[in-house]
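Everything on this sheet refers to the single structure shown next.
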Amino acid sequence: MIYTHFIDGALTTGLNRRSWINYNPANNNPLGEVCQANDEDIEAAVNSSEKAFQIWKSKTGAERGRVLITAANILRSRLEQIALSETQDVGKPISESLAVDVSSAADALEYFGGMAAGIHGEFFDLKNAFGYTRREPLGICAGIGAWNYPIQIAAWKAAPALACGNSMIFKPSELTPATALELAKAFMEAGAPPGLFNVVQGDGRVGAMLVDHPGIAKISLTGSVSTGKKIFAGAVAQLKQVTLELGGKSPLIIFEDADIHNAVSAAMLANFYTQGEVCSNGTRVFVNRKIFDNFLRQLKDRTEKIRLGDPADPDTQMGAIISKAHMEKITRFIDSGKSSGATLLTGGFRPGKDFKGRDISSGNFLAPAIFADCDDSMEICREEIFGPVLSILSFDSEEEVIGRANNTPFGLSAGVFTNDLKRGHRVIHQLQAGTCWINNYNITPIELPFGGYKQSGQGRENSLAAIQHYTQLKSVYVELGNVESPY
Ligand code: NDP
């Protein structure tokens with residue numbers, strides 16, 4: 001198997017023969033070779049995207065929308081095949097890839113496909129004149145993706161970009177090259193002009209080439225804060241537009257009047273879904289001291305029942321960590337937690353067998369970890385771990401917990417559990433985070449904007465808000481009288 005590029009409507013290995021092996025995180029068996037794009041490949045992708053842009057921007061919104069909605073239907077018709085590919089690439093349970101990854105990619109295409117015909121400017125009645133605005137596309141947009149939600153990230157970027165009349169060149173993470181190609185095929189089969197959605201494979205250097213290329217108008221990254229800073233600096237040098245969806249260390253606050261069963265469910269979703277490799281995870285779980293012991297008991301009990309194992313088994317609830325290197329990084333954080341005085345209540349070890357007794361020692365499996373006796377200043381409570389590691393902290397007052405929750409350079413997400421309606425809103429309104437939940441966690445419907453405050457990002461994905469980030473506004477003044485001139 002070779003993971004090729006997809007340029008000008010066709011799979012291609014490109015001009016550069018250099019490649020490397022992509023591994024299945026569940027057993028570290030090779031899945032295939034991945035191509036690495038070079039300058040000529042990028043040039044070919046940009047030329048083809050420019051041609052497609054000229055064709056695509058002259059279509060009506062309804063015509064563009066029809067292509068997006070057809071592509072969504074194609075993805076849904078291949079749900080099982082694409083979900084399996086995602087599971088092999090990422091290591092996440094097939095139950096997740098089926099229910100969330102591919103479906104949310106299709107949701108994005110349907111949502112923005114339906115919206116395409118309605119993208120419009122405004123009319124202004126002026127004295128003896130009128131004005132209007134047009135929302136025009138930017139040109140070629142580059143999408144650069146992380147490895148945790150490959151097809152979802154590709155679709156969340158492509159859907160609004162294409163609905164607005166742009167073309168896109170997408171670079172998946174070097175660790176997950178598979179499913180962006182499925183999206184590219186779906187667009188072609190749905191009637192998109194060749195080059196409308198090109199895929200170039202490769203590592204961060206390929207991403208940097210896209211950022212630097214003068215023919216590319218906008219960069220949208222999903223990735224870490226440190227990559228976001230580099231991309232921002234590169235884009236600023238050419239005054240390109242950017243959308244940055246970055247990392248976090250988000251708080252989940254459980255008040256004493258919360259429904260404890262629901263709150264425990266949310267804390268688990270906020271830390272262990274996709275092996276904890278989710279940007280918006282609520283990894284600092286603040287629990288009111290009055291319910292702390294009860295909450296912790298239930299959390300530990302239910303966490304130890306998580307069915308960890310073969311990601312391709314429909315009964316599995318937690319799969320494998322993306323790579324050996326990332327697993328070692330998470331393990332270092334766990335060691336740091338132990339040495340800083342936190343108590344590892346459960347997990348944090350590499351299990352040899354899965355929940356059905358199968359040998360999983362060759363895969364990157366890590367039992368979900370809970371740390372108690374934590375302190376806000378510990379590394380595990382400050383740094384994004386991006387793995388199944390939950391830190392639980394106690395608090396006494398509302399004012400105290402709001403201050404501690406906000407004491408971070410990140411601001412992607414936040415959650416509050418309470419049955420007091422007024423308190424729920426009051427607290428959420430004071431939390432410095434772009435994406436918040438009351439009495440749930442990590443739910444991301446396409447209708448709601450998604451993005452971060454502070455160092456967690458710039459701009460928003462999903463919802464009507466995304467349209468602003470993929471269009472530029474043109475103002476037109478139309479004179480109905482004479483030109484008044486002092487000359
Ligand atoms: P990275 O920042 O390492 O990589 C993200 C993408 O950027 C990859 O495709 C990577 O290439 C590319 N890249 C790396 N360096 C450069 C560069 N200098 N110029 C251009 N592109 C570059 O993130 P991960 O892939 O490790 O993903 C995990 C991170 O993503 C976490 O911090 C997580 O919080 C964040 N994330 C944010 C989300 C959000 O919506 N806010 C959602 C999901 C994840 P390659 O890796 O192939 O070398």
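Numbering (my numbering), first residue to last: 1 to 487.
Cβ atoms here follow ideal geometry from the backbone N, Cα and C, with glycine treated the same way.
Any heavy atom of the ligand NDP closer than 7 Å to the beta-carbon of residue i?
{"i": "PHE386", "result": "yes"}
{"i": "LYS474", "result": "no"}
{"i": "ILE144", "result": "yes"}
{"i": "GLY276", "result": "no"}
{"i": "ILE231", "result": "yes"}
{"i": "GLY352", "result": "no"}
{"i": "LYS171", "result": "yes"}
{"i": "THR303", "result": "no"}
{"i": "ASN38", "result": "no"}
{"i": "VAL211", "result": "yes"}
{"i": "LEU269", "result": "no"}
{"i": "ASN27", "result": "no"}
{"i": "ASP203", "result": "yes"}
{"i": "SER323", "result": "no"}
{"i": "TRP147", "result": "yes"}
{"i": "LEU246", "result": "yes"}
{"i": "CYS279", "result": "yes"}
I'd like to know whether the C-beta atoms of residue i and residue j end up nearer to each other than 8 Å.
{"i": "PRO160", "j": "TYR470", "result": "yes"}
{"i": "GLY282", "j": "SER250", "result": "yes"}
{"i": "LYS157", "j": "SER97", "result": "no"}
{"i": "SER413", "j": "GLY228", "result": "no"}
{"i": "GLY61", "j": "ILE119", "result": "yes"}
{"i": "GLU245", "j": "THR274", "result": "no"}
Taking only the alpha-carbon atoms, compute the straight-line gap between residue i and residue j and give it to the nearest angstrom.
{"i": "THR12", "j": "THR4", "result": "5 Å"}
{"i": "GLY234", "j": "ASP212", "result": "7 Å"}
{"i": "VAL476", "j": "TYR132", "result": "5 Å"}
{"i": "ILE360", "j": "ALA108", "result": "35 Å"}
{"i": "PHE130", "j": "LYS51", "result": "34 Å"}
{"i": "PRO486", "j": "CYS164", "result": "42 Å"}
{"i": "VAL483", "j": "ASN128", "result": "11 Å"}
{"i": "HIS429", "j": "CYS436", "result": "9 Å"}
{"i": "LEU126", "j": "ILE467", "result": "26 Å"}
{"i": "LEU252", "j": "PHE417", "result": "8 Å"}
{"i": "GLU447", "j": "ARG426", "result": "23 Å"}
Let me know the secondary structure DSSP gives residue i once reduced to three states.
{"i": "THR87", "result": "helix"}
{"i": "GLN201", "result": "coil"}
{"i": "GLU33", "result": "strand"}
{"i": "TRP56", "result": "helix"}
{"i": "SER456", "result": "helix"}
{"i": "MET318", "result": "strand"}
{"i": "LEU79", "result": "helix"}
{"i": "ALA414", "result": "strand"}
{"i": "VAL264", "result": "helix"}
{"i": "GLU479", "result": "strand"}
{"i": "GLU277", "result": "coil"}
{"i": "SER95", "result": "helix"}
{"i": "ILE216", "result": "coil"}
{"i": "SER394", "result": "strand"}
{"i": "ILE253", "result": "strand"}
{"i": "GLU461", "result": "strand"}
With residue i as the anchor, note down where its alpha helix (DSSP H) starts and where it stops.
{"i": "ILE153", "result": "150-163"}
{"i": "CYS141", "result": "Per DSSP, CYS141 belongs to no alpha helix (DSSP H); it is in the beta strand (DSSP E), 140-144."}
{"i": "ARG358", "result": "No alpha helix (DSSP H) contains ARG358, which DSSP labels as neither H nor E."}
{"i": "LEU109", "result": "102-115"}
{"i": "HIS469", "result": "465-469"}
Following a CB-centred definition, is residue i positioned closer than 7 Å to any heavy atom of the ligand ATP?
{"i": "ALA208", "result": "Looking for the ligand ATP in the displayed structure turns up nothing; the ligands present are the ligand NDP."}
Tell me which residue opens and which closes the beta strand (DSSP E) that residue i is part of.
{"i": "LEU183", "result": "Premise fails: LEU183 lies in the alpha helix (DSSP H), 179-189, not in any beta strand (DSSP E)."}
{"i": "MET327", "result": "No beta strand (DSSP E) contains MET327, which is instead part of the alpha helix (DSSP H) from 324-339."}
{"i": "LEU491", "result": "Nothing in the structure corresponds to residue 491, since the chain is present only between 1 and 487."}
{"i": "GLU400", "result": "Looking at the DSSP string, GLU400 is not in any beta strand (DSSP E); the run it does join, the alpha helix (DSSP H), is 398-406."}
{"i": "PHE123", "result": "123-126"}
{"i": "LYS171", "result": "167-171"}
{"i": "GLN241", "result": "241-245"}
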